[in-house]
Amino acid sequence: MALSINGRRLPLLLSVAGLAALGSAALAQGAATFAEQAEAGKAAYALNCASCHGDNLQGLTGPTLRGNAFLGKWGAGAKTAGDLYAYIHNNMPPGASGQIPDETHAALVAFIMRENRGSAPAPLAPDPVKLAYGSYLVELVELLTVEAEPVAGVFELLSEALEELRNGAATGGFLRSYELQLLHHTGFHPQLDACAQCARPLQPEDMGFLEPRLGRILCSTCKPTSLDVVSLHSTTLATLQLLRDQRLAEARTQPLNSTTATEAAELLGHLLALHLPRPLRSVRLIPALSQ
Ligand code: HEC
Ligand SMILES: [Zn+2]
Numbered sequence: 000m001a002l003s004i005n006g007r008r009l010p011l012l013l014s015v016a017g018l019a020a021l022g023s024a025a026l027a028q029g030a031a032t033f034a035e036q037a038e039a040g041k042a043a044y045a046l047n048c049a050s051c052h053g054d055n056l057q058g059l060t061g062p063t064l065r066g067n068a069f070l071g072k073w074g075a076g077a078k079t080a081g082d083l084y085a086y087i088h089n090n091m092p093p094g095a096s097g098q099i100p101d102e103t104h105a106a107l108v109a110f111i112m113r114e115n116r117g118s119a120p121a122p123l124a125p126d127p128v129k130l131a132y133g134s135y136l137v138e139l140v141e142l143l144t145v146e147a148e149p150v151a152g153v154f155e156l157l158s159e160a161l162e163e164l165r166n167g168a169a170t171g172g173f174l175r176s177y178e179l180q181l182l183h184h185t186g187f188h189p190q191l192d193a194c195a196q197c198a199r200p201l202q203p204e205d206m207g208f209l210e211p212r213l214g215r216i217l218c219s220t221c222k223p224t225s226l227d228v229v230s231l232h233s234t235t236l237a238t239l240q241l242l243r244d245q246r247l248a249e250a251r252t253q254p255l256n257s258t259t260a261t262e263a264a265e266l267l268g269h270l271l272a273l274h275l276p277r278p279l280r281s282v283r284l285i286p287a288l289s290q
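Residue numbers (numbering that gives the first Met the number 0): 0 to 290.
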């Protein structure tokens, strides 16, 4: 697979509950915050690492973390940012890595990457945020295809998505389009244009109502009475139909207003949770890295 990140994923954290909460606002920030993250890493480095690796990463009792000696082991081609994260997370500082929060470890990776960029012949590696999104794209495919035979179209979709992620930020439009297409390929796609109970077409003035436990969208007449029903504006449903049928490159530039973005993220969060055999682990990393 194109980006299995050397067979490893970034530290896979917690539950799928966070998925719905991942509004597209948080999702769309992406790489813009790499600089801030690296800056936070700089402070953490001075506090936890400089005593052994030197104020300028030149190396003291610990090896140098910059230049060719370092890049030969950890640069693009040798390892990914995910590998570096895993190493630091598990080993640094020696004997005390567990005392440093995961976000701080991620910030340290960003800092080390930034410091090496000047001396690297090519960009060191994808930035951690994109890597985290890459993990998410891969993990979704893995989980939705566990039981099934290789599903036609899924791996093409995944490689298109990873390619597109290389071209730009993971916007809400991009993520929702990918999720919908994946659900479509694996046979779990929701009916977006008509009530799943009475089959009445949903009109522009109608609201749709998701029944989370069954993953069905119903009209106002068939609307379930349970408390956890999720209301969806018709514009959200129309936008989702558009995103489902678009190429990912187009979907990535599709602007979503905040209501649509929130409702779409919530809907897809529920639908995915319904079909995944276990909670997604990559999901917690994304907001942590995007802050
Ligand atoms: C007490 C001293 C000490 C502290 C503090 C320390 N390190 Fe290290 N670090 C080492 C030593 C020694 C090695 C080499 C370990 C080995 O080769 O097994 C190392 C190796 C590394 C490597 C791999 C370098 C290579 O050449 O492969 C990285 C990356 C790293 N440290 C990052 C960090 C970061 C980030 C911190 C702060 C969170 C940190 N270290 C804190 C002593 C330290
Ligand atoms: Zn109905």
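Where is the CB? At the ideal position from N, CA and C, for every residue including glycine.
Assigned secondary structure, L59 (DSSP; H/G/I helix, E/B strand, else coil): coil
Best match in T144, R243, L236 for proximity to E328 [C-alpha to C-alpha]: Missing from the structure shown is residue 328; the chain here goes from 0 to 290 and no further.
C-alpha distance - R113 paired with L130, whole-angstrom precision: 15 Å
First and last residue of the uninterrupted beta strand (DSSP E) at I99: First-last for I99: undefined, no H or E at that position.
Beta strand (DSSP E) runs wholly inside the stretch 35-91, at least 3 long, in chain order: none
DSSP bridge partner residues for A193 (one or two, in chain order): In the DSSP assignment, A193 is bridged to P200.
Those residues, in chain order, that have a beta-carbon closer than 6 Å to some heavy atom of ligand 2: C194, Q196, C197, R199, L217, C218, T220, C221
Per DSSP, the bridge partner or partners of H232: Beta-bridge partners assigned by DSSP to H232: M206.
Spatial distance of L271 from L182 (CA atoms): 8 Å
Supposed close pair V137, V153 - CB separation, criterion 8 Å: With 8 Å as the limit, V137 and V153 do not qualify as a contact, their Cβ atoms being about 11 Å apart.
Y44 beta carbon near ligand 1 (any heavy atom closer than 7 Å): yes
Of the listed residues Y135, L255, L231, nearest to S281 (C-alpha basis): Y135
Enclosing alpha helix (DSSP H) for L271 [first to last residue]: 257-274
Distance cut-off 7 Å: N55 Cβ against heavy atoms of ligand 1: no
Check: F69 C-beta below 7 Å from any heavy atom of ligand 1: Yes, the Cβ of F69 comes within 7 Å of a heavy atom of ligand 1.
Buried or exposed (CB count within 10 angstroms, at least 16 for buried), K72: exposed
Presumed contact (8 Å Cβ cut-off) between L231 and L209, rounded CB distance: 6 Å
Contacting residues, own chain, Cβ-Cβ under 7 Å from R251 (five flanking each side not counted): Contacts found: E163, G167, T170, G172, F173.
Limits of the unbroken alpha helix (DSSP H) element including R280: Premise fails: R280 is in no alpha helix (DSSP H) and is neither H nor E.
Option in L142, A42, G133, H269 with minimal Cα separation from R277: Ranking L142, A42, G133, H269 by CA distance to the CA of R277 puts L142 first.
Meets three-Cβ-pair contact criterion under 8 Å: the stretch 33-43 and the stretch 102-111: yes
Heavy atom of ligand 1 within 7 Å of M91 beta-carbon: yes
C48 versus A68, A34, I87, A77, residue with shortest Cα-Cα distance: I87
Alpha-carbon to alpha-carbon, E249 and H52: Taking the straight line from one Cα to the other gives about 45 Å.
N47: CB within 7 Å of a non-hydrogen atom of ligand 1: Because some heavy atom of ligand 1 lies under 7 Å away, the Cβ of N47 counts as near it: yes.
Cβ-heavy atom distance, S257 to ligand 1, below 7 Å: no
Nearest residue (CA-CA) to L226, options T234, L275, R212: R212
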